[in-house]
Structures are given as C-alpha cells and as structure tokens.
Amino acid sequence: MEIIAISDVHGDLDFLPAIGESMAKADLVLISGDITNFGGRREMRDILAEMHRFNPHVFAVPGNCDGLAVNQYLVESKTDLHCRRVDFRDWTLLGFCSWLACPHVPQPVNAHDWVSSCLDWLTSQFPSDRPVIFVSHMPPANTAVDRNGDCHSGSREIREFIERTQPVLALSGHFHDSVGWDRLGKTTLVNPGAFRHGRYASILIHSDLCSFELLSV
Ligand SMILES: [Zn+2]
Ligand SMILES: [Zn+2]
C-alpha cells in the first residue's frame, strides 16, 4: 500500500496541484494535523474537497491550530482519526490529537485525563492480527521528529504509547522544522514537515514493513 503523508497544511494549498498525481496514485492520504490555520468548518470542508479531487481516501487528525468545528467536520465526513479506529484494507488506522477531549469518557474531565483516556482506549483497539498505522499531531518525545530549536518538546505519553503498542508506522507533525524519521523499537516514526512549505512523505508499506521518502515540492 502506498501512502502520501502530509502535515501542517495551515490552510495553504498552493503546493497541492504539484503532488496531485502522486496523491492520485496512492492508496491513502494521511494528514497529521494543523490542517487549517485557526479555521472552522468552511475552511475544513473546502480543503477536504480539494484533496478529494485527487484521492477519495483521506484520513486526518486535527492539530492545535484547528478549532473544534474542524474536528466536527472531520467526524461528519468520516475522515476523523482522533481517538478512533478505522480499518482500511489490511491495516488499522488509529489517531490522536492531544488538544481534543476523549470522545469515550464522560465530560468534564481535565486535559491530563483526556490524554490517558484516549491512549488507553487506543491501546484497547489494537488488533492482534493486523498491522497498525498511528497518526498524531504531536510527535513522541526525545526523538529525531520532535526537535523544537535546540530542545526536544514531544509528548512523553505518546512515546510510551508507541513503545508499548509498537505500530508499524507513527506519523506526526507540529514541529515544522523537525522533518525527519526515527525508530522506536519496531515502529518507524516519520514527520513529513509542513505542507505549507511544500514538504510531504511518500510511504510504501507491506504487511509490517515500511519504507519512505521525505520529499518537497
Ligand atoms: Zn503547525
Ligand atoms: Zn501544531
């Protein structure tokens, strides 16, 4: 299966036509957050419509620059991966956005509880017989994909989740300059970089093996 992975679009689709052919050839397009730039439902609807011109199979998690209305539109359009499981062909897709409440626990709870509720729920959804692709906006802590200037500013909880569950592939974004890849055990980590700057990744995944290219337009 071929995946086009993008992140941090921030409402800027200038580079979309340049990767349209690659998107159309791919089986799946995955977006790891900051799809709009503090936009709402209309912005999200327009962006998704543009992406669907090239590929009907688009799934996404929101980021910290996406409002609640963005998440609601993703849910309604059956594109949302935040704290959800989607079985796509032979793979299971799971996703997480640290800035959103967990849809599986009663409200109100604090943000720390949301994170652990989501990650516990996602752990419970790990199939025993299918490889998993995990998509989060925030990258795992202390890796090559969470550099924030001279610091590492990723999520310790997401790192522990990946170490414990070992998805085949974990896509993230958020730190626009931390383009790169790394490994945590059997999991390949990829931050494709900001699509608003023309960056994306092409990923080939076969059973539990994956290879990738970090690309820019
Ligand atoms: Zn961003
Ligand atoms: Zn962000």
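Take my numbering: the final residue in the sequence shown is number 223, and no numbers are missing along the way. By construction, the Cβ of each residue, glycine as well, lies at the ideal position given by its N, Cα and C atoms.
The nearest non-hydrogen atom of ligand 1 is 7 Å or more from the C-beta of Ala11.
Note on Asn116: under 16 other CB atoms within 10 angstroms of its CB, so exposed under the neighbour-count rule.
If you look at Ile209, you'll find it in the beta strand (DSSP E) that goes 205 to 212.
Per DSSP, reduced to three states, the secondary structure at Val15 is coil, with no helix or strand assignment. Here Phe140 is not near Cys124, since their CB atoms are 8 Å or more apart. The shortest C-alpha to C-alpha distance from Thr193 to any of Val174, His182, Phe201 is the one to Val174. Note that the C-beta distance between Arg202 and Asp14 is below 8 Å. A Cβ-Cβ distance of about 6 Å is found for the pair Thr98 and Arg91, placing them in contact under the 8 Å criterion. CA-CA distance, Leu34 to Met7, rounds to 8 Å. Of the other Cβ atoms in all chains shown, fewer than 16 fall within 10 Å of the Cβ of His212; this residue is therefore exposed.
Residue burial annotation: Ser217 is exposed, with fewer than 16 other C-beta atoms found within 10 angstroms of its C-beta. Just so you know, the alpha carbons of Gly179 and Ser159 end up roughly 12 Å apart. Shown here, Phe218 sits in a strand according to DSSP, grouped into three states.
By the 16-neighbour rule on beta-carbons within 10 angstroms, Cys108 is buried.
Taking C-beta atoms under 8 Å as the contact rule, Asp72 and Thr42 qualify, at a distance of about 5 Å. Ordered along the chain, residues surrounding ligand 2 are Asp14, Gly39, Asp40, Gly69, Asn70, Cys71, His143, Gly179, His180 [Cβ under 7 Å from any heavy atom]. At a threshold of 7 Å, His182 counts as near ligand 1, since its beta carbon sits closer than that to one of the ligand's heavy atoms.
Judged by the Cβ position, Ala200 qualifies as a neighbour of ligand 1 at the 7 Å threshold, a heavy atom of the ligand being closer than this. The three-state reading of DSSP puts Ile164 in helix, counting H, G and I together.
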